[in-house]
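**Q** Basically our numbering = 1-based index in the sequence shown + 83.
In this text, a Cβ means the ideal position worked out from N, Cα and C, and glycines have one as well.
I'd like to ask you about the structure that follows.
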Amino acid sequence: MTNPVVVEVLRGGLVESVHRGSIVVVDASGRTVFEAGDAERPVFPRSAVKAIQALPLVESGAADAYGFGDRELALACASHSGEPPHAELAKAMLAKAGMDPDALECGAHWPSSQGALVALARTGGTPSALHNNCSGKHAGFVCTCRHLGIPNLGYVKPEHRFQEMVRETMESVTGAVHDEANRGTDGCSIPTFAVPLRNLALGFARMASGAGLAPERAKAARRLMAACMAEPFMVAGTGKADTELMQTAPGRIFVKVGAEGVYCAAVPELGYGIALKCDDGSGRAAEVMIAAVLGKLLEGDKALAERMSEAANPVLKNWNGIEVASLRPSELFR
Numbered sequence: 084m085t086n087p088v089v090v091e092v093l094r095g096g097l098v099e100s101v102h103r104g105s106i107v108v109v110d111a112s113g114r115t116v117f118e119a120g121d122a123e124r125p126v127f128p129r130s131a132v133k134a135i136q137a138l139p140l141v142e143s144g145a146a147d148a149y150g151f152g153d154r155e156l157a158l159a160c161a162s163h164s165g166e167p168p169h170a171e172l173a174k175a176m177l178a179k180a181g182m183d184p185d186a187l188e189c190g191a192h193w194p195s196s197q198g199a200l201v202a203l204a205r206t207g208g209t210p211s212a213l214h215n216n217c218s219g220k221h222a223g224f225v226c227t228c229r230h231l232g233i234p235n236l237g238y239v240k241p242e243h244r245f246q247e248m249v250r251e252t253m254e255s256v257t258g259a260v261h262d263e264a265n266r267g268t269d270g271c272s273i274p275t276f277a278v279p280l281r282n283l284a285l286g287f288a289r290m291a292s293g294a295g296l297a298p299e300r301a302k303a304a305r306r307l308m309a310a311c312m313a314e315p316f317m318v319a320g321t322g323k324a325d326t327e328l329m330q331t332a333p334g335r336i337f338v339k340v341g342a343e344g345v346y347c348a349a350v351p352e353l354g355y356g357i358a359l360k361c362d363d364g365s366g367r368a369a370e371v372m373i374a375a376v377l378g379k380l381l382e383g384d385k386a387l388a389e390r391m392s393e394a395a396n397p398v399l400k401n402w403n404g405i406e407v408a409s410l411r412p413s414e415l416f417r
């Protein structure tokens, strides 16, 4: 099926371009709350599912053994911008397990934060794996391996025992098959699996409510979600959509960007999970979509719905600071 227009780009009051996509909201029983487009088409969630991938860190007892609090757990679920607090905390997490940054197998890249990049370059520094946006997740992986006595070398490979644990966890929480037939490789080198948006939304409804999960897993899920909502800066960084959206509604919404136009989210007070995909992979359109659907779901809170509406209708400026264009959700969200 052809997915509907979900976001419009306007210039001079006229629609200049459009983004198509799909979105689904479900509760923990799988009941559809809102749906547009093809929610059954498999997509790679990539970084959007880091909170689910972090469940073994908590369930194994590693998080408690190393004294991890909300900041560390939020970083384990993060796609951070490589600012000093992110890199320093990832290093500290590894140190608690007796490891150093050389244990990370995610690869090195410059911080995505321009300020952090410039500051690092100005001092003559070079990027390390700690600056990788996935270093917190990988630090959590390494710490879990160490706690369980599993050799951490090669922990990114599909056949590694730890990746088997992550795969089994993802399959259990989302209810979707994760196997070699739908497996790819993520940017940070770990396996990623293409599954229907509906299953991703179901997974986050379960994470938010605990329904459908064993008691210990439900407890771990709530702990991870609460940590991310309590420490949104550690989840993303300065000026990032995930951080700003969660700061807009403290403790009420969880959001996590993926890649190629994917977003997952949850509204714990409603028990809803959300998953969406912008067909052309546009991150800016996916940010409009997630803000628009959150505003729709929380329309009973007029002040919050208005703030979400502002986030869903960003204005674009040129290099002279002149407003030249804007984005808006399509009529599907109105």
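#1: Can you give me the C-alpha to C-alpha distance between residue 382 and residue 394, rounded to a whole angstrom?
#2: Please report the Cβ distance between residue 354 and residue 292, rounded to the nearest whole angstrom; I am assuming they are in contact, meaning their Cβ atoms lie under 8 angstroms.
#3: Is the beta carbon of residue 277 closer than 7 angstroms to that of residue 127?
#4: Note the first and the last residue of the continuous beta strand (DSSP E) segment covering residue 356.
#5: Relative to the alpha-carbon of residue 268, which residue among 240, 282 and 316 has its alpha-carbon at the smallest distance?
#6: Helix, strand or coil for residue 224 per DSSP?
#7: How do the stretch 125 to 142 and the stretch 155 to 174 stand: do at least 3 beta-carbon pairs fall below 8 angstroms, yes or no?
#8: Tell me which residues share the same chain as residue 235 and place their Cβ nearer than 7 angstroms to its Cβ, disregarding the 5 neighbours each side in the sequence.
#9: Okay, do the stretch 205 to 217 and the stretch 187 to 197 touch, 3+ Cβ pairs below 8 angstroms being the bar?
#10: By the 10 Å Cβ neighbour count, where 16 or more other Cβ atoms means buried, how is residue 275 classified, buried or exposed?
#11: Taking the beta strand (DSSP E) that residue 276 belongs to, which residues open and close that run?
#12: Three-state secondary structure (DSSP) at residue 409?
#13: Distance check for residue 408 and residue 132, CA to CA, integer angstroms please.
#14: Alpha carbon to alpha carbon, how far is residue 168 from residue 255?
**A** Quick look at the numbers:
#1: Along the sequence shown, one-based indexing puts residue 382 at 299. Along the sequence shown, one-based indexing puts residue 394 at 311. C-alpha separation (whole angstroms): 14 angstroms.
#2: Your numbering for residue 354 matches position 271 in the sequence shown. Your numbering for residue 292 matches position 209 in the sequence shown. Contact holds; Cβ gap of about 4 angstroms.
#3: The residue given as residue 127 occupies position 44 in the sequence shown. The residue given as residue 277 occupies position 194 in the sequence shown. Yes, Cβ-Cβ distance for residue 127 and residue 277 is below 7 angstroms.
#4: Position 273 of the sequence shown, counted from the first residue, corresponds to residue 356. Looking at the DSSP string, the run of the beta strand (DSSP E) that includes residue 356 is 355 to 361.
#5: Against the sequence shown, residue 268 aligns to sequence position 185. Ranking the options by Cα distance to residue 268, first place goes to 240.
#6: Counting from 1 along the sequence shown, the entry for residue 224 is found at position 141. Residue state, collapsed to three classes: helix.
#7: yes
#8: To locate residue 235, count along the sequence shown from 1; it is residue 152. Here the set comprises 186, 225, 228 and 229.
#9: yes
#10: Numbered from 1 along the sequence shown, position 192 holds the residue referred to as residue 275. Buried.
#11: The sequence position of residue 276 within the sequence shown is 193, counting from 1. Residue 276 -> beta strand (DSSP E) spans 274 to 276.
#12: Indexing the sequence shown from 1 puts residue 409 at position 326. Residue state, collapsed to three classes: strand.
#13: Residue mapping note: residue 132 aligns to position 49 of the sequence shown, counting from 1. Residue mapping note: residue 408 aligns to position 325 of the sequence shown, counting from 1. Between residue 132 and residue 408, the C-alpha separation is close to 32 angstroms.
#14: Walking along the sequence shown from the start, residue 168 turns up at place 85. Walking along the sequence shown from the start, residue 255 turns up at place 172. For residue 168 and residue 255, the distance between alpha carbons rounds to 33 angstroms.
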